[in-house]
Each structure stands twice: as C-alpha cells, then as structure tokens.
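Everything below concerns the one structure shown next.
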Amino acid sequence: MCMKGLFRNIIYYLHAWTAIMLAIGCSSEDYTNVIPANISGLMAIDSRQLLDRGTGGASELKLARLLETDRLADCGIAFDERLYAFETVDGTLGLLAKVQNMDDVKDWLGHLKDKGLYSDLAEKKGVIYGVFKEHFIVGLTDNALLVIGPVLGSEQNETRRKMARMFNREGDNSSPFVDIVNEMDSPVCIAAKADALPEKFVAPFILAVPKGTKMSDVNIKATIQPQKNVMLVKGDVYAKKESVNAALQTAQNTYTQIPKHMLDRLPADNVLTLACGVKGKEVLSALRSNETFRTMLLGLNTAIDFDSMLKSVEGGLVLTVQEIGDDRWKYLMVADTKDNHWLRDIDYWMKSCPKGSTIIKDKTATNAYQLIGNGQSLYFGTQGNLLYMASNKALAGAASETPSATLPVIIRQLLTDSRLAVIVNVDKLVEKDKGMKTAWEVLCSLLGDFSYLVYKMDK
C-alpha cells in the first residue's frame, strides 16, 4: 500500500488549517450562522480548555506572540468561546471567531497594519474587509471575525463576495456538522465528509462500505485531546443511510484488539506506524469489497498470492515506515500467523512470475524470499510465527527483533484497548521540512508541545 499520497495530503491539510490559525482564537449560537451549509469539514477549537491546562500561562503567551500582541485580551476576541475552522465543498478554508469587543479588534488590526501585516480593503453592508499577511481575507462585524485563505491576489474579489454571502445568510439552513461538533466535549472536535480527507487515510476505516457508495455520504467525527507528550485523536465513522452505516460497523468489527506483545514492539523513532488486531479471512473479505484495496490486491496477486498470505494472519499486525523519501520508502510489516500453508506454493510462484519479475530465495535464512523486477523490490517470508514484508534486507532480517527504542509508556497505555492505531512521530516528520515545522509550532502554541500524534479506534 503506497503511503506517499497520504503523507503529502496530511502535510497539506495541517499546513492549511494551522496557517489560518495564525489569525485568531472560538462558539455561540448567533455567530455560527456565518458557517456555510455546504461544508465538507468542520473543526471546533475550545480555546478555554486549551489555554487553561496548568501550563502557567505558557500557551497563552505563545499564542499572544503569534498574534503580535502583549495580551490576548487586547485582541477583542472572545477566547472563552469556541473557534471554528471549516472547509467548503469547493475547497475554501475558513476560520470563524466570536467578537467580544469590536473596537479592540479594530485596534489590534491597526497594530498589525503598522507592522505591515494587515491592509484595509473595503467596508460594505456593515462588514469590514481586509487582508492579513497578503493571503488571508478578513471579514469583521460587531459579532464575528471570519478569515478565509490562503487566497491568491487575483481571487481576492471573488473570495470577498463569498464572504458577503456567508455574513448575509438567512434562515436556519446550517450544516449538521455544527450540531455534531457542539455535542462533543474535547479541546478540539472534528466532523467531516470522508471525501474531504485523503483516500488512503480513510480507506482502513471504511473497508466494508457497499460498492457504489459515495464517499460524500460517509462521515467521520473525531476528538483531539492533549495527553502529556501526545496529541491523541479518537474517531468514529458513520453514515445516514442505515445499510451503509451497518456496513461501516461491520468494517470496524473486522479489527480485533491489538495484542500486548505487538504494542511492546512499536518503534519510537520511525516516522509512521500503523498497528491493529486482525483475523485474516475477515479482513480479506472486507478488502475485496473496497474499491481502493481491491485494486491494490489485484496488483499484488499478479506476482505472489497475497490472498493466501493474508488468510494465514491472526493476531497483531504492525506496518512501520522508517523514513519518508521522494522515491522509495523504508518500511516493514509484521503480522502474527496461525499457519504458513502458503509457503507450499512458493515454487509455483517462482515459476509463474509475470514477465520482468522474479522471486529469489535467500539461502542465508529460512523461509526468506525477495521479489524483484517491474520497479518492485519486496523482501518477504516468515520468522517463527511472524509473517513479514520489508523494503530492504536489513529491515527484513530484523523483523522478529524488538526495536532498540520502543514507544513511550504513555502511548502503549493509551492503546491498551485499541483495535486500530496510527502513530506519527512528528519530530521525525518535520525535521527536514521547514514549512511543516513552522506549521507544527503554530499548532503546538494552542495544544502544547508534542512529539507524537496518535489516532486510535477503541473497542
């Protein structure tokens, strides 16, 4: 499974959301009417919970510095209310905050203007428009502050017209996502359509969705909770259509609890790790019903009988990516097996490889093989009761070894009852990407300093 697209999209979305956060910080029923009905995703940020976490005011000071002010209270923003970030179906990104004192907001914007960070555009129908840091359009009323961006200079007028329609919305035609995030209690709450997120990120959570189901009919909701050195994300997938919702529940039930011995071998230094509990036959059936995975399986099965290998899996499965490169990624997958019957077919696989591919037996190890050709290089085999697949020989050789550095105890404790987890080592992810590092620093100004992002699906 190719993970490159996943990470590029994760980085893009993190950049987009956090760049908008540079402008402000929070929900009251009246100002949420500005949020359009046709949104594909909504994030609610509880500034009060985030800024009051026993940090001695450190988070508040960080955010104040980002907003170019000495005190948050001087901005005129109601930081005791929720802030909302959203994405519309046409890709527009926005941030909405409640105004506590319009005169204070004007003074703050004037301060930014003196520093060359803000410029005035116009005032129409009670809305003051401006540009923040050249690429973010600001709309201000006595009740709400709306920021849209990033926007190219040629698109500023059209963006301002969109904002005018948002401010002048009438009636109760609001997005159902507003009610969903408001029902959740967490520093950060998210509700989104599945098609608003990267396909390969969503795929593991919607395995058994009936063929032909539109991803716009599938929704995801999640909460983000700071936990010491970890940003913990807990989520769920659902749909309004009962048959689709039932299939989603079936998909989630294909995962079993992650075994403790797999939690103890999760590496600390790898950029990405996915862990889950599985029963191969059940997962295979779900994979075949999913468009994304069915295409992937067709490709794998042309050279090796991946179906047969997967059927042998029962217990824990871990996929870990050592580092991310532009061309080839260093990865290792290991899984518990109940049998190794597929090894009986290796000789046949060797003889029936597609033209341009070949399978070679490693004579220095037992049940170790390499698939090469047609741009592929895959090391696979068994070590005891473990099935493994790896991108290079060194990783393959270490498949059954416990990593020299395992994940912090807090993460293993958080995953004790989990069926599926994705762990991102953010320090490793951003160390070679200055833009990503800046975006993460902005997010940490609200959420605190974190080294890991953990998404988990519990029982």
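In case it helps, my numbering puts the sequence shown at residues 1429 to 1887.
Beta carbons: idealized from backbone N, C-alpha and C, even for Gly.
Would you report the Cα separation of residue i and residue j, rounded to the nearest angstrom?
i	j	result
L1478	A1731	51 Å
E1583	T1520	11 Å
F1878	G1705	26 Å
V1517	K1590	13 Å
V1609	A1619	6 Å
G1784	G1801	5 Å
N1617	L1524	Reading the sequence as shown, one finds Cys at residue 1617 and not Asn. Cα to Cα, C1617 sits roughly 15 Å from L1524.
V1837	N1657	11 Å
N1820	L1806	7 Å
L1842	G1640	36 Å
D1458	D1532	20 Å
T1569	G1469	24 Å
M1885	L1540	43 Å
G1482	T1497	Its pLDDT being 47, under 50, G1482 is placed unreliably in this model, and the coordinates cannot settle the point.
S1644	A1550	36 Å
F1560	L1747	42 Å
R1588	V1606	23 Å
A1501	L1857	34 Å
P1831	C1781	34 Å
Consult DSSP for residue i and reduce its assignment to one of helix, strand or coil.
i	result
R1597	coil
R1499	coil
P1695	strand
K1642	coil
F1560	strand
K1553	coil
A1824	helix
G1522	strand
E1488	helix
M1612	coil
T1844	coil
A1592	helix
Q1528	coil
D1877	coil
D1607	helix
E1583	helix
V1513	A small correction: the amino acid at residue 1513 is Ala; Val does not occupy that position in the sequence shown. Strand at A1513.
What's the call for residue i, buried or exposed, on a 16-neighbour Cβ count within 10 Å?
i	result
R1593	exposed
N1750	The sequence given here places Gln at residue 1750; Asn does not occur at that position. Its Cβ being crowded by 16 or more others within 10 Å, Q1750 is buried.
Y1512	buried
Q1804	exposed
N1596	exposed
G1538	exposed
D1542	exposed
S1846	buried
R1693	buried
P1654	buried
Y1546	buried
A1679	buried
E1829	exposed
Based on the DSSP output, what are the partners of residue i in its beta bridges?
i	result
A1763	L1745 and L1815
A1667	V1646
E1751	K1758
I1774	Beta-bridge pairing links I1774 to no other residue.
T1810	L1815
C1617	A1472 and T1651
L1478	Paired residue(s): none; L1478 is not in a bridge.
G1567	Y1557 and L1574
I1788	Q1798
C1704	L1745 and L1848
Q1804	G1801
Measure from the alpha carbon of residue i to the alpha carbon of each residue in the options, then state which is nearest.
i	options	result
L1702	V1462, D1886, V1852 and L1857	V1852
D1855	M1659, A1826, Q1811 and K1709	M1659
K1649	K1642, K1656, N1657 and A1624	A1624
M1471	A1492, G1522, D1458 and G1809	G1522
Y1759	N1813, P1782, A1550 and V1699	V1699
K1642	K1688, G1744, V1672 and Q1685	V1672
P1615	G1663, D1474, V1533 and N1529	D1474
V1762	D1773, V1741, C1781 and P1604	V1741
I1463	A1674, G1708 and V1575	V1575
D1508	Q1528, K1490, L1495 and F1514	Q1528
K1621	P1604, E1611 and M1612	P1604
N1585	V1746, H1563 and V1661	H1563
A1465	F1560, F1514, M1778 and P1695	F1514
L1881	M1690, R1847, L1835 and S1602	L1835
D1735	L1771, L1747, T1748 and W1757	L1771
K1662	L1495, T1651 and Q1680	T1651
V1579	A1572, L1573 and G1558	G1558
R1840	G1809, K1688, A1822 and Y1546	K1688
T1792	A1824, N1813, K1779 and D1775	A1824
A1506	A1827, I1565, N1571 and H1769	N1571
Nearer than 8 Å: is that true of the beta carbon of residue i relative to any heavy atom of the ligand MG?
i	result
N1466	Here there are no bound small molecules, and the ligand MG is not part of this structure.
Can you find a C-beta in chain D that's less than 9 Å from the C-beta of residue i?
i	result
A1675	The chain labelled as chain D is not found in the depicted structure, where only one protein chain is given.
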